[in-house]
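Asker: Before anything else, here's the structure in question.
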Amino acid sequence: MATRTAAGRRAEAKVEYDAFMAQCKSRRLLDRLTDKWVTLVLCTLGEGDLRYSEISRHIAGVSQKMLTQTLRSLERDGLITRTVTPTVPVTVEYAITELGRSLLVVVGQMKAWAETHMDQVQVHQDDYDRRTA
């Protein structure tokens, strides 16, 4: 077995987590984190712990299936926690973790940017559509 230098190990690690590289593991995570439902769920939970139904009411248009899948993936990634309280009926609350809160800073800014600049983007889209029609 060949001995690797410290510089060689650093170079391999850099490639392993370089999203521009096809084999990068972080690409799957980046793909998941740029989903609109992830952004909206994190922004919603950034306001405090909520039950499933409260999250669902807060995010217009999200289906039960999509919300469930999003919550499960965020829990799996360690971005939110799911706490079950044995009451009748069972109470389940979701909360954002410290890791999730660090991502919330970024996705919250993206959400705010989209809300602020949508009119400008719409003007450009309309102009482009007229030119290419």
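Mapping to our numbering: the sequence shown position 105 is 435, numbers consecutive. Built from N, CA and C at the ideal position, the CB exists for glycine as well.
Return the Cβ separation of C373 and L434 in integer angstroms, given the expectation that the two are a contact with Cβ distance under 8 Å.
Answerer: Here residue 373 is taken as the residue at index 43 of the sequence shown, counted from 1. Here residue 434 is taken as the residue at index 104 of the sequence shown, counted from 1. About 7 Å; that satisfies the 8 Å criterion.
Asker: Name the one or two DSSP bridge partners that I410 has.
Answerer: One-based indexing of the sequence shown puts residue 410 at position 80. Partner(s): I426.
Asker: Cα-Cα, which of L363, T411, V418 and R357 is closest to L466?
Answerer: The requested residue 466 does not occur in the structure, where the chain is confined to residues 331 to 463.
Asker: Indicate whether at least one CB of chain D lies closer than 7 Å to the CB of D459.
Answerer: Among the protein chains of the structure shown there is no chain D, as only one such chain exists.
Asker: Rounded to whole angstroms, how far is the Cβ of S403 from the Cβ of R431, which I believe are closer than 8 Å?
Answerer: In the sequence shown, the residue the question calls residue 403 occupies position 73. In the sequence shown, the residue the question calls residue 431 occupies position 101. In this structure S403 does not touch R431 by the C-beta definition: roughly 17 Å separates them, more than the 8 Å allowed.
Asker: Whole-angstrom Cβ separation of V371 and L401, contact assumed at under 8 Å?
Answerer: If you number the sequence shown from 1, residue 371 lands on position 41. If you number the sequence shown from 1, residue 401 lands on position 71. Rounded, the Cβ-Cβ distance is 7 Å, consistent with contact.
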